[in-house]
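Trainee: Residues in the sequence shown are numbered from 220 upward in steps of one, following my numbering. Take this structure first; my questions come after.
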Amino acid sequence: IDLISKLLVYTPDKRVTPLQSCGHAFFDELRDPNTKLPNGRALPTLFDFSAEEMKMGGELMRKLIPAHAQGQQATAAGSK
Numbered sequence: 220i221d222l223i224s225k226l227l228v229y230t231p232d233k234r235v236t237p238l239q240s241c242g243h244a245f246f247d248e249l250r251d252p253n254t255k256l257p258n259g260r261a262l263p264t265l266f267d268f269s270a271e272e273m274k275m276g277g278e279l280m281r282k283l284i285p286a287h288a289q290g291q292q293a294t295a296a297g298s299k
């Protein structure tokens, strides 16, 4: 309910951005290195933000990209 209420704020400058919404606690499970898909397989690559997203995210990126995925981000950035 908390995330939805922040996304549905009528005034655009008071509404959370899509990137900010990714940092909401609702998505914390996706940043847990032990999270698996319902079929038991590993999650796909989730933290492959573009250079532009990385710049826009600033400090938020520290929350969005968990420690276990820091190397994954560097690898993805190098291959783009």
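Where a beta carbon is used, it is the ideal one built from N, C-alpha and C, also for glycine. These figures come from a predicted structure and were not determined experimentally.
Within its chain, find whatever has a CB closer than 6 Å to the CB of residue 285; leave out the 5 residues flanking it on each side and keep chain order.
Mentor: The residue you call residue 285 lines up with position 66 of the sequence shown. Only 250 meet the Cβ criterion.
Trainee: Report yes if the CB atom of residue 226 is closer than 8 Å to the CB atom of residue 234, and no otherwise.
Mentor: Indexing the sequence shown from 1 puts residue 226 at position 7. Indexing the sequence shown from 1 puts residue 234 at position 15. Yes. Within cutoff.
Trainee: Comparing alpha-carbon positions, which option in 229, 238, 246 lies nearest residue 276?
Mentor: Translated into the one-based positions of the sequence shown, residue 276 becomes position 57. The residue with the shortest Cα to Cα distance from residue 276 is 238.
Trainee: Buried or exposed: residue 283, going by 16 or more other Cβ atoms within 10 Å of its Cβ?
Mentor: Here residue 283 is taken as the residue at index 64 of the sequence shown, counted from 1. It counts as buried.
Trainee: Note the first and the last residue of the continuous alpha helix (DSSP H) segment covering residue 248.
Mentor: Taking the sequence shown and counting its residues from 1, the one referred to as residue 248 is at position 29. Looking at the DSSP string, residue 248 is not in any alpha helix (DSSP H), and its letter there is neither H nor E.
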